[in-house]
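For what it's worth, the numbering used here labels the leading residue of the sequence shown as 2, then goes sequentially.
Worksheet: the structure to be examined is printed underneath.
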Amino acid sequence: MNKSLIGALLAGALAAGMCAGAAGQTTPAEVAQHQKQELARGEPARWMKEDRTIEAQIATKKKEIGAALNEALAECKRMQAGERGSCVKEARQTYKDDMAHVRELVTVSNQMEGKVETTGPSE
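So this is what it looks like as structure tokens:
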């Protein structure tokens, strides 16, 4: 799979997430408060543990893709009934596409290690 297709997939997922996030905050207040308390204790050690094998990286990426689906579906529930169906359909399609290309997504992530790609002119 070429890099431009993977880049387009990542950009599309990011754009969909940004559009969904623009409609409002997706984290309920009680969850945000709990997260704040957890973060006050410091980062859990597991956050710093690197996935050493490709299988572990793929497992982590699958968890991230699943979490992104859950966030998107939660945002869809907040939409008006007329928009909800297409939102859910798009979220599920993005999930299927990402899961179908999970190995390629991990490979791209590994190749970008330490690099930040941006689009458009800098300000």
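Every residue, glycine too, gets a C-beta built ideally from N, C-alpha and C.
Output needed for residue i: all residues of its chain with C-beta closer than 8 angstroms, excluding positions within five of it in sequence on either side, in chain order.
{"i": "residue 103", "result": "59, 62, 63 and 66"}
{"i": "residue 88", "result": "21, 73, 76, 77 and 80"}
{"i": "residue 85", "result": "77 and 78"}
On the DSSP letters alone, give me the boundaries of the alpha helix (DSSP H) that residue i sits inside.
{"i": "residue 85", "result": "82 to 101"}
{"i": "residue 44", "result": "Segment: none, residue 44 is in no alpha helix (DSSP H) and carries neither H nor E."}
For residue i, which of helix, strand or coil comes out of DSSP?
{"i": "residue 114", "result": "coil"}
{"i": "residue 65", "result": "helix"}
{"i": "residue 27", "result": "coil"}
{"i": "residue 104", "result": "helix"}
{"i": "residue 51", "result": "coil"}
Can you check which of these residues, the options, is closest to residue i by C-alpha distance?
{"i": "residue 27", "options": "43, 79, 46 and 55", "result": "79"}
{"i": "residue 93", "options": "44, 69, 52 and 48", "result": "69"}
Go through its chain and collect everything with a Cβ distance to residue i's Cβ below 7 angstroms, but skip five positions before and after it.
{"i": "residue 114", "result": "none"}
{"i": "residue 110", "result": "none"}
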